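Inspection log for the structure reproduced underneath, given as structure tokens.
Residue numbers (the working numbering), protein chains in the order written: chain A, -14 to 399; chain B, -14 to 399.
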């Protein structure tokens, strides 16, 4: 059932508390199970991988690594229309991410040169969830930024279906992107394999991608051995709309987000009582349980609520959308105007759909090239520049009790 | 005792194994203790903070938040020379980080506008270790990038000394930087306070900074509730030098890194047997136990070893240093040439000394403004642009079984 909330003249904290957002800590049981799986795969390699796959996915793949001919076959069997749509999505995601590269720079002042170099990480592991459904779009959204960043070795893990092979659309996207290292393994065991390596799966430097609680717990377990991305929870949208918004379209946006079901949140924030009463009857079925319609005082209050909630997506439908966006902080992606439904961004507009959710937008960003790049700082001083700065370093090092640090300067001051 | 290794004609993996590098997983006992402390502080707030501080730091501070007059007093009592040296360090660190900001961008093609906005996180928590020693330089190296990024609320936690106040140099740096929220609390309890908030300590969005195993474990515990930086282990340097390097200076660089003691690694990689035999007698005392002298085939082999080891620092002393750096991957900071001792970077050259160590340089970077910024992607389509892209999105959404996503497009195609 659709929930309704009146936020006018109410304490903001209370309103936020009233918005649905599940999640929170992973249970200790999930963490313990994930830890045991990670340690077992680390210690026993492929044998453990195959056992867990049989137990959790109900199938024992003939080979953990998907044969190249299966990837090619999946690519070849795409219908021209679908191939074209994936092609457009890939092109747009590539073009978008080519704009967000880090760039090297250098500065020199009086013989003191400092700078920053940018390079891709060497090996990335992408986790693509599967099981009940398949998400070839998620492979587009994580592999393309890795490729734009220049990562040489991209490995993909995704659970096998009943025939022991991953979803054929996921394989087809791998083929379109020229990815050759695809492994039919999912869950915590896949994360363990990517982090520690097995006979079949070479280890990587960083593991990226959404998954269920066991996948998330396994990522936290291996963090430090490898890099990981921020944990991603269920999907969320806040639609901020005023009286001019068309109810049918607003309802369609809410129902789109809500169809992710378990835990998804679709929230309308509007000062228009008329919009609420015309949207409400258009919401029905199971997804409607994920929807909350909030009557706000004005758009400024909607922004305040959003900034506290830190949502994954905001969709602004208002003549003032630029001004509303200007005031928004802490949000993963913003869709502006009636002709920018969030679904465009989910599939093909350009930005990755791997976004911070569950409040992590307060400190995390959309997946992008930054996640696949490292920056190396460097310093290069002339004798003169060293002698100018040296005495300050000697002073500070001594003050902290690091006499040898000071001495490494002193020996060069003579 | 200094260790020596001959890497010539030996398997790279074996050589890497021979280099000292402690660490690895946090023990389950440390993790459990940290989890209990985090939960206790979350549930009981200041009362728990004060109890843990009394237990671990042996003192019960009168106030958890350091009074403003104490911060000012520490600033005023700095000698002019020390104030000057901190001032130079702060200026250089600020100038360096002003170069590495992310910048907003936007692109438009046929009515399809996409872009990326960059904003600082709202609230950052900085952990500055203390106890046996004080690290005012670490406050410079983490607070200045936060300020350059534009973070409005910077909170600092650092353990109290016997008088219940943090180290006076740390307070003095807080005064120089205009930081007003300093808390006399350390350890896992400080991380818990920053993540969950207590009566005295307001919660933040991200917790940054090095610490002991309990601090690291607590950060892993709260990751997801707040952001954290990559775990930092003991300090490391690889000095890559050829026969032209001066033994006295190379020895001083090794001894500087080695004086961090527990777990620190200082490694010389050189093809020159002469350099090894003249450096060795210059190494003595406890720090010498942290040093390894490696005889390599040539500089190319030194680079290969470094790229596998992924060190925190590399110092290159060779006429070919530009070429060596070009081949280096996976390193936090590079110091180039004889007049660029790593100690310059540790205190005052510009780059933050908060660096990836323990092999994390393969995927992590030096602390910088990036750690305090978030990127928000946005899309803004005209009716025309939406109608061009829409059919592809409908196709891909249906293929993944998301009919409502497709419908949010279809309703706008009419």
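Ideal Cβ positions, reconstructed from N, Cα and C, are used throughout, including at glycine.
It should be emphasised that the depicted structure is a prediction, and the values quoted were computed from it without experimental measurement.
Return the chain-ordered list of same chain residues with a C-beta closer than 7 Å to the C-beta of residue i, the five sequence neighbours on each side being excluded.
i	result
residue 332 of chain B	74 and 122
residue -13 of chain B	265, 268, 273, 276 and 278
residue 41 of chain B	172
residue 164 of chain A	128, 139 and 141
residue -3 of chain B	289, 290 and 293
Residues in the same chain with beta-carbon distance under 6 Å from residue i, minus the five sequence neighbours each way, listed in chain order, please.
i	result
residue 319 of chain A	299 and 310
residue 191 of chain B	106, 109, 211 and 212
residue -11 of chain A	278
residue 272 of chain A	240, 243 and 244
residue 391 of chain A	379, 382 and 383
residue 312 of chain B	288
Residue i versus chain B: which residues are under 7 Å apart at the beta carbon?
i	result
residue 142 of chain A	Going along chain B, no residue has its Cβ under 7 Å from residue 142 of chain A, so there is no contact; the nearest lies around 17 Å.
residue 336 of chain A	99, 362 and 364
residue 205 of chain A	205 and 208
residue 397 of chain A	234, 324 and 326
residue 38 of chain A	Per Cβ cutoff of 7 Å: no residues; residue 38 of chain A is ~23 Å from chain B at best.
List, in order along the chain, the chain A residues whose C-beta lies closer than 8 Å to that of residue i?
i	result
residue 318 of chain B	361, 362, 363 and 364
residue 332 of chain B	377, 378, 381, 382 and 390
residue 261 of chain B	Here the premise fails: no neighbours, minimum Cβ distance about 19 Å.
residue 272 of chain B	389
residue 314 of chain B	104 and 107
Please identify the residue among the options whose C-alpha is closest to the C-alpha of residue i.
i	options	result
residue 148 of chain A	A:116, A:-13, A:175 and A:252	A:116
residue 368 of chain A	A:396, A:281, A:236 and A:350	A:396
residue 237 of chain A	B:20, B:356, B:388 and B:134	B:388
residue 256 of chain A	A:229, A:248, A:270 and A:268	A:229
residue 382 of chain A	B:29, B:71 and B:169	B:71
residue 371 of chain B	A:103, A:98 and A:321	A:321
residue 340 of chain A	A:315, A:271 and A:290	A:315
residue 283 of chain B	B:336, B:-5 and B:83	B:-5
residue 85 of chain A	B:76, B:101 and B:68	B:101
residue 222 of chain B	B:206, B:248, B:214 and B:209	B:248
residue 292 of chain B	B:152, B:346 and B:11	B:346
residue 200 of chain A	A:356, A:180, A:19 and A:130	A:19
residue 15 of chain A	A:203, A:69, A:227 and A:131	A:203
residue 362 of chain B	B:92, B:22 and B:323	B:92
residue 253 of chain B	B:69, B:235 and B:23	B:235
residue 104 of chain A	A:233, A:28, A:82 and A:358	A:358
Below 9 Å on C-beta distance, what does residue i contact in chain A?
i	result
residue 176 of chain B	Residues of chain A passing the Cβ test: none, with the nearest at roughly 15 Å.
residue 6 of chain B	Under the 9 Å cutoff, chain A gives no residues; its nearest Cβ is about 13 Å from residue 6 of chain B.
residue 321 of chain B	98, 363, 364, 365 and 366
For residue i, which residues in chain A fall below 7 Å Cβ to Cβ?
i	result
residue 153 of chain B	None at all; the shortest Cβ gap to chain A is about 11 Å.
residue 136 of chain B	Residues of chain A passing the Cβ test: none, with the nearest at roughly 11 Å.
residue 386 of chain B	118
residue 350 of chain B	359 and 360
Apart from the five residues on each side of it in sequence, which residues of its chain come closer than 8 Å, Cβ to Cβ, to residue i?
i	result
residue 150 of chain B	46, 51, 55, 156 and 169
residue 44 of chain A	38, 145, 146, 147, 148 and 149
residue 280 of chain A	-11, -10, -9, -8, -7, 255, 256, 258 and 261
residue 126 of chain B	78, 337, 338, 339 and 352
residue 114 of chain B	120, 123, 143, 144, 171, 194, 195, 196, 197 and 200
residue 184 of chain B	30 and 31
residue 181 of chain A	23, 26, 27, 188, 207 and 210
At a CB-CB cut-off below 8 Å, which residues of chain B make contact with residue i?
i	result
residue 198 of chain A	None at all; the shortest Cβ gap to chain B is about 11 Å.
residue 394 of chain A	326, 328 and 329
For residue i, go through chain B and note every residue whose CB falls closer than 9 Å to its CB, in chain order.
i	result
residue 212 of chain A	215, 345, 347, 348 and 349
Q) Taking contact to mean at least 3 C-beta pairs separated by less than 8 Å, is the region 152 to 164 of chain B in contact with the region 49 to 59 of chain B? A) Result yes; three or more Cβ-Cβ pairs closer than 8 Å.
Q) Is the number of C-beta pairs between the region 230 to 245 of chain B and the region 208 to 218 of chain B that are closer than 8 Å three or more? A) As far as the Cβ criterion goes, the region 230 to 245 of chain B does not touch the region 208 to 218 of chain B, which means the pair count is below three.
Q: Taking 8 Å as the threshold, find out whether the region 34 to 46 of chain A comes into contact with the region 130 to 139 of chain A through three or more Cβ pairs.
A: no
Q: Taking a Cβ distance cut-off of 7 Å, strictly less, list which residues of the region 100 to 118 of chain A are near chain B, in chain order.
A: Shown in chain order are the members of the region 100 to 118 of chain A whose Cβ falls below 7 Å from a Cβ of chain B: 101, 104, 106, 107 and 118.
(Q) Under 7 Å, CB to CB, which of the residues in the region 72 to 92 of chain A have a partner in chain B? (A) 73, 74, 81, 84, 85, 90 and 92
Q | Inter-stretch contact at 8 Å, needing at least 3 Cβ pairs: the region 373 to 388 of chain A / the region 325 to 341 of chain A | A | no
Q) So, do the region 196 to 211 of chain A and the region 162 to 176 of chain A have three or more beta carbon pairs nearer to each other than 8 Å? A) Touching, per the Cβ criterion.
Q: Taking a Cβ distance cut-off of 7 Å, strictly less, list which residues of the region 175 to 194 of chain A are near chain B, in chain order.
A: 190 and 191
Q. Closer than 9 Å, Cβ to any Cβ of chain A: which residues of the region 53 to 70 of chain B, in chain order?
A. 66, 67, 69 and 70
(Q) Beta carbons nearer than 8 Å to chain A: which residues of the region 215 to 233 of chain B have them? (A) 215, 216 and 233
Q: Report the residues of the region 11 to 34 of chain B with a CB closer than 7 Å to any CB of chain A, ordered along the chain.
A: none
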